[in-house]
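Asks: Below: one structure in structure tokens.
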Amino acid sequence: MERTTLLTVLVLFVLAAYFVYGMVTWNVVISFTDWKGAIPSYNFVGLSNYSAVIKSDLFGRSLLNTFILFSAIPLCLAAGLFLAFLLNQRVKGIKIFTIIFLLPFAFSLVVTGVIWSWMFQPDGAINSLLRSIRLGFFARDWISSSAILASVLIPIIWQFSGYSALVLLAGLKSVPRKEIEKARKKGMNWWQIFWKVEFPRLRIPLLSCAVVIFVFVLKASFDLLWTMARGYPPGSYYTLPILVYVEAYQKMNVAYGAVIGNILVGIVLAIVLPYVWFSYRGHR
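For the sequence shown, this note's numbering begins at 9 and goes up steadily by one.
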């Protein structure tokens, strides 16, 4: 039994090492070559690919677009914190509200993109609603090439605010009632109780929630944006994940795409590793 367990663990370890660490290492190696992907031969070119990527206007625009979408993270946290605060006020039917807020999180990003693309059409649900309440002067093409990034932020916030609300609600529920009652006896109002008693307990949930939403927003920067922006001028809406796909799989410039992928991994590690270190330090 022990030998079977050990063998199973060993096989899983080898597979994980190959498909994760092996592929990451291979990606780094080919980023220093001129490999096009169609043929097995390639030459070592040093840092020329990295230099070309950094000097590229398309890379700079894609990097900026990626960070614009990252602005959804604090917006999701703010919306989630507001919802969590409301749900923590002993609202009747809290289970129903919880399901309603969490339901969008169950959708795939492609489904979300299709739904909101339809709603954002010139004759879609958003403009129809605005016209029905006599606010037709706000009606517009919400997913035009000039407004696509701002429009994509809305479904991202819609999809992930419910998740952050539930995580933060759990943090609020962990505050002992005795501390809240003690604060009330001292004459604190609802805002002082929230800021001085409840909010300090949300620092770790906020941090962990921010990292999780960061990962989902990074995924949305391809799945959601690609679904909603297909047909618009190439490059205008590109993010780093989309640029990796275009360079490596459409243009077959695999080495160039590998460079962008490595830069993207560096950005992810720069954000996730401090969280891992902070969490490890907090549990020691």
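The C-beta atom is built at its ideal place from N, Cα and C for all residues, glycine as well. Note that this is a predicted model, so its numbers are computed, not measured.
1. Whole alpha helix (DSSP H) runs in the stretch 238-276 with 4 or more residues, listed along the chain?
2. By the DSSP assignment, the alpha helix (DSSP H) with E189 in it spans what residues?
3. Can you list, in chain order, the residues of its chain with a C-beta nearer than 6 angstroms to that of T12? Leave out the 5 residues immediately preceding and following it.
4. Beta carbon of Y245, beta carbon of A237: below 8 angstroms?
5. Look at I250 and F230 and say whether their C-beta atoms are less than 8 angstroms apart.
6. On the criterion of 16 or more Cβ atoms from any shown chain inside 10 Å, does N51 qualify as buried, or is it exposed?
7. Excluding the 5 residues preceding and the 5 following F168 in the sequence, name in chain order all residues of the same chain whose CB lies nearer than 7 angstroms to its CB.
8. Taking the alpha carbon of Q129 as the point to measure from, which residue in G121, T120 and D149 has its own alpha carbon closest?
9. Which residues mark the beginning and the end of the alpha helix (DSSP H) in which G196 is found?
10. How is the alpha helix (DSSP H) around F168 delimited, first residue to last?
11. Just reading off the alpha helix (DSSP H) that Y26 is part of, what are its end residues?
12. Kindly provide the ranges of any alpha helix (DSSP H) runs that are 4 or more residues long and lie completely inside the stretch 111-162, ordered along the chain.
13. Y58 lies in the alpha helix (DSSP H); which residues open and close that run?
14. Could you tell me the distance, in whole angstroms, from the CA atom of K181 to the CA atom of N96?
15. Alpha carbon to alpha carbon, what distance is there between T16 and S39?
16. Using DSSP with H/G/I as helix, E/B as strand and the rest coil, what is F230?
17. Should W34 go down as buried or exposed, given a rule of 16 or more other Cβ atoms within 10 Å for buried?
18. Taking DSSP as the reference, what is the three-state secondary structure of F105?
19. Would you tell me roughly how many angstroms separate the C-alpha atoms of G274 and S140, rounded to the nearest one?
20. How far does the alpha helix (DSSP H) with I7 in it reach, from first residue to last?
21. In three-state terms, what does DSSP make of F52?
22. To the nearest angstrom, report how far apart I123 and V254 are at their CA atoms.
23. Assign A133 to one of two classes, buried (16 or more other C-beta atoms within 10 Å of its C-beta) or exposed (fewer than that).
24. Are L137 and N73 close, meaning C-beta to C-beta below 8 angstroms?
25. What's the gap between the Cα of I165 and the Cα of M196?
26. Measure the CB-CB distance between T247 and L232 and report whether it falls below 8 angstroms.
Replies: According to the data block:
1. List check, alpha helix (DSSP H) in window: 248-253.
2. R185 to K193
3. none
4. yes
5. yes
6. exposed
7. C84, F113, I221 and F224, listed in sequence order.
8. The option with the nearest alpha carbon to Q129 is D149.
9. It should be noted that the sequence gives Met, not Gly, for residue 196. That residue, M196, is in no alpha helix (DSSP H); it is neither H nor E in DSSP.
10. I156 to K181
11. Where Y26 is concerned, there is no enclosing alpha helix (DSSP H), given that its DSSP letter is neither H nor E.
12. Correct list: 117-127 and 133-140.
13. S56 to K63
14. Rounded to the nearest angstrom, the gap between the Cα atoms of K181 and N96 is 7 angstroms.
15. Rounded to whole angstroms, the gap between the alpha carbons of S39 and T16 is 34 angstroms.
16. The answer is coil: DSSP assigns F230 none of H, G, I, E or B.
17. Its Cβ having fewer than 16 others within 10 Å, W34 is exposed.
18. Reduced to three states, the DSSP call for F105 is helix.
19. Taking the straight line from one Cα to the other gives about 48 angstroms.
20. Nothing can be reported for residue 7, as the shown portion of the chain is limited to 9 through 292.
21. Of the three classes helix, strand and coil, the one that applies to F52 here is strand, per DSSP.
22. 25 angstroms
23. exposed
24. no
25. 32 angstroms
26. no
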